[in-house]
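Chains as they are written, first to last, in our numbering: chain A, 44 to 252; chain B, 44 to 252.
Where a beta carbon is used, it is the ideal one built from N, C-alpha and C, also for glycine.
Computed from a predicted model, the values in this text were never measured in an experiment.
Single-structure report; data block below.
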């Protein structure tokens, strides 16, 4: 399946949702699904779904619908989830520990290799088999352990500094939970997750209803 | 400022980001900003910004730009963040505790009144002054404490059941972190937060770069 050159951010953001629904269907033994059924489940229009899949060359056959396993596999590949990624987490506070324990995190292709913190009370502990190391050793660890993803769970005022250190040591993608947008060079991918944005959206919605 | 009847989901999702940037500017003493400057900061086009604000009747004056404090206040009101909300968290595991400690959570208008869990080792503890109570007491607590927001941090297989209990006791908005989309009646707002969606988007991006 070929990727088209210009896939919009909106389409990219829907891919993980398709993947989630298809994985669940596959697990529940569903073998095929029409775009109508898929649209009912996901709250998208059938034409939206066809348009989205056309960005990647299209899937499915007229009159048959989609083979769930095949579609799930294709989207897994498009997302790059058929590869393996080594991950470190900077900041072993509540959120860092929560992410280290996040169910499903390691079921996919992401392996957390270590966590890092400045707090002497945390350094040396293990969370579900993941060691918490001194943040001063993070640069060497990245260089020596082929780390692909850096998760940033440090306080806001340290987030850019930690991101810069990760990038300088060769990390190519940053998953940031500190409540600022961290910047990265063009050749480094970044996802800034703002939990409060979702809470504020919820506040808007509850006042609209 | 009047709300138009049909504000798209995409515009609503950008509002928290505007709010975040404007609050930071206000804090840093910035008094006014042009849509061009705002667009440079936020990575949106100036025309996109004007269109977004027009959904709410428009802000700013030709040749002057936007008054940062006024705009920040207007967006705060549109989001409903000028009100106070009582919050409970179901599930006091890693993620529940992380959210209870989330810096900034209580600086806004959200007050966490209690957390609930099934684990006898957690029941009776306090996290930053927030009590962890037996989940069997959750229904009574909601009914007696005017709770507006229910945060769901329980395992996937309990998420819908806990959501249903919250809704039955009168909660009008659900912030769900369990890795499924929980369903609610039409008169109950819901935000299903899928942390893995953001990680999968990151995987896609790092393979594109």
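Apart from sequence neighbours up to five positions away, the residues of its chain that approach residue 144 of chain A with a beta-carbon distance below 6 Å are 171, ordered along the chain.
With respect to residue 109 of chain B, residue 63 of chain B sits apart: the two C-beta atoms are not nearer than 9 Å.
With the criterion set as a beta carbon lying under 7 Å from some beta carbon of chain B, the region 78 to 105 of chain A has no members that meet it. In the displayed model, residue 54 of chain A falls within a helix according to three-state DSSP.
Legend: CB atoms of the region 200 to 219 of chain B lying less than 7 Å from CB atoms of chain A belong to residues 215, 216, 218. Sequence-distant partners of residue 92 of chain B (beyond 5 residues in either direction) whose C-beta falls short of 7 Å from its own C-beta, in its chain, are 78, 81, 82.
Straight through space, the alpha carbons of residue 241 of chain A and residue 216 of chain B are spaced by roughly 12 Å. Relative to the Cα of residue 160 of chain A, the nearest Cα in the group A/195, A/189, A/151 belongs to A/195. Non-local beta-carbon contacts of residue 174 of chain A in its own chain, meaning distances under 6 Å to residues more than five positions away in sequence, involve 157 in chain order. Going by beta carbons, residue 246 of chain B and residue 126 of chain A fall inside the 9 Å limit. Between the region 129 to 141 of chain B and the region 183 to 197 of chain B there are three or more inter-stretch CB-CB distances shorter than 8 Å, so the stretches are counted as touching.
Contact annotation for residue 141 of chain A against chain B: 137, 138, 141 [CB-CB distance below 7 Å, chain order].
Taking a Cβ-Cβ threshold of 8 Å, the residues of chain A close to residue 240 of chain B are 56, 59, 60, 63, in chain order.
Residue 65 of chain B is positioned such that its CB atom lies closer than 9 Å to that of residue 118 of chain B.
In the three-state scheme derived from DSSP, where H, G and I count as helix and E and B as strand, residue 81 of chain B is classed as helix.
Cα atoms of residue 58 of chain B and residue 244 of chain A: separation of roughly 8 Å, rounded to the nearest angstrom.
Straight across, the Cα-Cα distance linking residue 210 of chain A with residue 152 of chain A is about 21 Å. Closer than 9 Å to the CB of residue 161 of chain A there is not a single CB belonging to chain B. In the three-state scheme derived from DSSP, where H, G and I count as helix and E and B as strand, residue 121 of chain A is classed as helix. Contact between residue 230 of chain A and residue 55 of chain B fails: their C-beta atoms lie close to 32 Å from each other, not under 8 Å. For secondary structure counted as the alpha helix (DSSP H) over 4 or more consecutive residues, the region 134 to 161 of chain B holds these complete runs in sequence order: 137 to 144. Distance between residue 114 of chain A and residue 102 of chain A, taken at the CA atoms: about 7 Å. Under DSSP, residue 174 of chain B shares a beta bridge with B/169.
Residue contact check for residue 152 of chain A against chain B: a CB pair falls below 9 Å. When Cβ-Cβ separations below 9 Å define contact, residue 195 of chain A makes no contact with chain B.
Using beta-carbon distances, residue 158 of chain B does not count as an interface residue toward chain A, since no partner is under 9 Å. If you draw a straight line from the Cα of residue 197 of chain A to the Cα of residue 111 of chain B, it is about 29 Å long. Annotated three-state conformation of residue 127 of chain A is coil, per DSSP. If you check the CB distance, residue 188 of chain B and residue 206 of chain B do not come in under 9 Å. With contacts defined as CB atoms closer than 9 Å, residue 233 of chain B and residue 203 of chain B fail to qualify as a contacting pair. Between residue 141 of chain B and residue 138 of chain A, the beta carbon gap of about 4 Å places them in contact (Cβ cut-off 8 Å). Close partners of residue 244 of chain B in chain A (Cβ separation under 7 Å): 55, 56, 59, 234. Taking a Cβ-Cβ threshold of 9 Å, the residues of chain B close to residue 144 of chain A are 136, 137, 138, in chain order. In summary, no residue of the region 168 to 189 of chain B has a CB separated from any CB of chain A by less than 7 Å.
Annotation: Cβ neighbours of residue 252 of chain B in chain A (cutoff 9 Å, chain order): 215, 216, 229, 230, 231, 232.
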